[in-house]
Amino acid sequence: MENYNHRQIEDNWKEKWFSDNLYEAVDFSEKPKKYILAELPYPSGKFLHVGHMMRYTVPEIYSRFLRMRGYNVLFPMGWDCFGLPAETFAQKEGITPQEAISKATKDYKDAMMSMGYAIDWNREINTSEPAYYKWTQKMFLVLWKRGLAKQQEMPVWWCEELGVLADEEVLPSKDGKGKISERGGYPVKRKMYRQWVLDIPAYADRLIDDLGKVDYEESVKIAQKNWIGKKDGALVTFNVEGESVEVFTTRPDTLFGVTFLAISPQHPVIEKLKEKISNINDVSEYIEKSKNLTDLEKQTKIKTGVQLIGVYARHPLNSQMTKIPVLVADYILTDYGTGAIMGVPAHDERDYEFAVKYNLEVKKVIEFPQDKNDTPYFTGEGVVINSEEYSGQNSQVCRQDIVKKIESLGLGKGATTYKLRPQIFSRQRYWGEPIPLIYKHDGNIEAVTEENLPVELPVMKDFLVGKDGKSPLEKNMEWNTTIDSEGNPAKRETDTMPTWAGSNWYYMRYIDPHNTVTPADVAKLKYWLPVDLYFGDAGHTTAHLLYSRFWFKVLYDEGIVPIDEPYMYRMSGGMLLGEDGGKMSKSRGNVVNPKDELEKHGADALRTYLAFIGPYEDTYPWNPKGLHACAKLVRTIYNLKTLVSEKADESAETTRILNKTIKNMTEMMDNLKMNTAVSEIMIFTNHIKNLAGIKKETWETFLVLIAPFMPFTAEELWQESNNYSKWQKTNSIHLQMWPKYNEELVIEKITELPVQINGKLRSEVTISDKDNEDTLKQKLLQDERVIKHLGGKEIKKIIYVKDKIVNLIA
RNA sequence: GGGCGAGUGGCGGAAUUGGCAUACGCGUAUGGCUUAGAACCAUAUGCCGCAAGGCUUGGAGGUUCGAGUCCUCUCUCGCCCACCA
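Start counting the first sequence at 232; every next residue gets the next number (this note's numbering).
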């Protein structure tokens, strides 16, 4: 037996494949195209994580499979470089982010090459290179010119160390009492801050409607819709001492049940009416206190509020002109709806809870159903009562009538609201794309002209945020001082973009990575887009997927891209846990170092294991024994070559199993079930390893089948079997066609028919082609076990499913 | 609280349209090879039972000749969102 030396084999073929760009994706090829995309990693200075490998291996195997099935496959890779991970790493190492990134991307690329990933490296991209972010900046200007990027005072998560953070970057602290940053674990609190935001809600309806054009998993579509959170209702204006307070409600039919108004602590009407509020000191104190509460504290605490003494709201329709108390309450969110609600305690759980606490009236305006008579509030539909001329109507009809009425009075209108908020787009940090805007001396804002793009990020040794939380670029006067289009002194915007700016459109750049005139040539985009299958993190199915769809639609409206949906199908991957079943982390000591595993067992074993471990979408623990078994499989296959001989006599059984293996693997891989495809490889291996000899033809077919999983070993054995003495790209196994199978040869003639009696498996009888139902019945009646289990009873009915099963009903 | 998903051996997991549940791998046991172990090879392995036989896909019902798969109820776990008016 020859010793299997994975290091030697891998180094040899790796060098040949990548120097010849074996996995080239060809623009405008005659072959049908497939664009298989896996979310790009953000290199953070360490070796590629084993979790990354799990995320990429199945998509990569799939891309190889498609290539062998005759597709022109684009399976690209790049680096999402901007953002905190690189900055934190650079700080720790005492180097610049630029230096950190250049080392990390090299390490990551090496790791991917070591894994044999079939990537067209001519299309590699890096979001932090000026040639790339020139286009990110250009796209931002498109958004800005269309009024979709604007400045707003926003309540933001504020971190002394990191500046402003997005919701997604903030986590509850370990003790549950506060908030910390996702990276670094620094304390975080709320603060108002002027920010650039993207008006994603402007596209909300299209983002919902166009889900009809794509083929995502229904659960992904639902998640997106929930995230957008579209709700129909009405805006109703209440007069509060001469000031208008607008509320949003989904239940205008309960308008006559309003017994109080509740407004958020940030509501502007408080400031306007402060002269009239007799307890203004108490109110201010409450507002001040609520500012420092974390969400969790607000949640566990009973709802609180303070009534604005001395001011009342007037009901817009009620003829009695009842005075309605107004309260400030921190359960009212500033940035949802209008920041004010009409309190209807009889028909809303939260309003009820609040009303009880503050002794507010509870007025029923919809009849409670019989079985709900004991409950204090009822949120369903029903007959409207106590509502003047609307009484007696069904609540759903009443809803429309009331909206019509307030519309005619100019006191409101039907309206739609979304949970989706404008997304904060600026960061007060160094390591990001500079926002390409200039503040003129008169305060107006002007875009940097296209010939002056990219606005390059200056290299700065001191790139950390100061204690004031302002962008480090603020300190760099040389950089941020400029002149405007009229030649007057001006100042650059010093905020930078968030990480997701570059990763919003990266998949477009793979299509035309070296273009200097446009982000990507429209004809090429037309050829490659949409992405056929997008693999990524389950946590990105809402935010990332939604924001990048938004970005793409804006580009479509601008005529930069030819279609309006970027991804046809989305597949989300599970997680790889540590051996102990917990999340891999340094503190648990269960982190797997892929470099060690690669050294020990080789890439083919690691790839096969990552495919075999389970379905792509699930989460499971790392099991070193499983990897070991796959390493054994690779070795066993390698040594099978000694069985190959021209005159090996193969049985019909071997032909059948080979055909069945091809059929099963083809179907499984089509459905991305790589784990069971590996089982098929094992089954076939177990069969042939006990044969006296294998025909060359069978052997080579088998090698093609294993090639997507074990590309190195397959190539080595293929070249050897074909006696190719010199490397030639076209002779690579990876450019061969996937084998076809003969359906007839797959069919296994069953000779033992399972026999059920009254639905329970009792026996088996031997059958042949000649048997029909009558001869079968004869056989059954002679079978000892059948006789025994019938116990002398008469057979009432025979259900015979040919070649499957027979069931006797006694 | 809301949404989504999942419950199958000791473990990871297989099971076209309902048709032999537990493929494949791990683990375990026994044997071989070894001074011994590791590694490797062979065989066995859902559970109870000496056996005949019985039981088994979270639980309870139902449809069906036949249910892991379809229907109703219920329990448990995971993920995401969460005072969203």
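Glycine included, every Cβ here is placed at the ideal spot set by N, Cα and C.
Residues that residue i bridges to, as DSSP identifies them
i, result
"F491", "G574"
"A678", "L668"
"Q654", "L429"
"W958", "Note: W958 sits in no beta bridge, so no partner."
"P386", "M423"
"T480", "A465"
"V748", "Answer is none; V748 lacks a bridge partner."
"V762", "Y798"
"P846", "Note: P846 sits in no beta bridge, so no partner."
"G767", "S803"
"G645", "A465"
"W248", "Per DSSP, none; premise fails for W248."
"V537", "V559"
"P720", "I714"
CB-CB length for residue i against residue j, believed under 8 Å
i, j, result
"A264", "Y302", "A small fix is needed here, since residue 264 is Lys in this sequence, not Ala. So it is a contact: roughly 7 Å between Cβ atoms."
"I919", "I912", "So it is not a contact: roughly 11 Å between Cβ atoms."
"S371", "G663", "One detail in the question is off: residue 371 reads as Phe in this sequence, not Ser. In fact, because the Cβ distance is near 11 Å, the residues do not count as touching under 8 Å."
"A335", "G276", "5 Å"
"A433", "L379", "6 Å"
"K784", "N719", "With 8 Å as the limit, K784 and N719 do not qualify as a contact, their Cβ atoms being about 36 Å apart."
"Y840", "L858", "4 Å"
"V289", "M905", "5 Å"
"D251", "K692", "No, D251 and K692 are not in contact; Cβ-Cβ is about 41 Å, not under 8 Å."
Assigned secondary structure, residue i (DSSP; H/G/I helix, E/B strand, else coil)
i, result
"N617", "coil"
"E448", "coil"
"L527", "Only weak support is given to the placement of L527: the predicted model assigns it a pLDDT of 49, under 50, and the value that follows is read from those uncertain coordinates. Looking at L527 - three-state DSSP - the assignment turns out to be helix."
"K381", "strand"
"I1026", "coil"
"S345", "helix"
"P499", "helix"
"S626", "helix"
"W853", "coil"
"D673", "coil"
"N711", "helix"
"Y302", "coil"
"N357", "strand"
"Y266", "strand"
"V977", "helix"
"I597", "strand"
"G394", "strand"
Test item: CB-CB of residue i and residue j under 8 Å
i, j, result
"E270", "G767", "yes"
"N989", "A1041", "yes"
"R801", "V471", "no"
"L429", "I459", "no"
"N353", "W310", "no"
"Y608", "D579", "yes"
"E592", "I666", "no"
"K698", "E318", "no"
"W736", "W782", "yes"
"V176", "I1026", "No statement about residue 176 is possible, as the shown extent of the chain runs from 232 to 1041 and does not include it."
"M899", "T886", "no"
"L396", "Y738", "no"
"L786", "I431", "no"
"S952", "E931", "yes"
"K444", "E789", "no"
"T648", "A454", "no"
"L184", "I597", "The requested residue 184 is not part of the displayed model; the chain covers only 232 to 1041."
"L668", "I655", "no"
Quick one: any contact between the segment 556–569 and the segment 485–494, if contact means 3 or more CB pairs under 8 Å?
They touch, by the three-pair rule.
Examine the Cβ distances between the segment 698–709 and the segment 314–327 and report whether three or more of them are shorter than 8 Å.
no
Any chance the segment 610–618 sits against the segment 565–577, with 3 or more Cβ pairs inside 8 Å?
no
Under 8 Å, with one C-beta from each stretch per pair, do the segment 790–801 and the segment 774–782 reach the 3-pair mark?
yes
With three or more C-beta pairs closer than 8 Å as the rule, is the segment 329–349 touching the segment 623–643?
no
Three-pair Cβ contact test at 8 Å for the segment 278–298 versus the segment 754–761
Short answer: they don't touch.
Specify whether the segment 670–686 and the segment 359–373 touch according to this definition: at least 3 beta carbon pairs, one from each stretch, less than 8 Å apart.
Under the Cβ criterion (8 Å, minimum of three pairs), the segment 670–686 counts as touching the segment 359–373.
Are there three or more Cβ pairs, one per stretch, closer than 8 Å when the segment 242–250 is compared with the segment 336–343?
Too few Cβ pairs lie closer than 8 Å, so no.
Are the segment 990–1002 and the segment 1010–1019 touching, with three or more C-beta to C-beta distances below 8 Å?
yes
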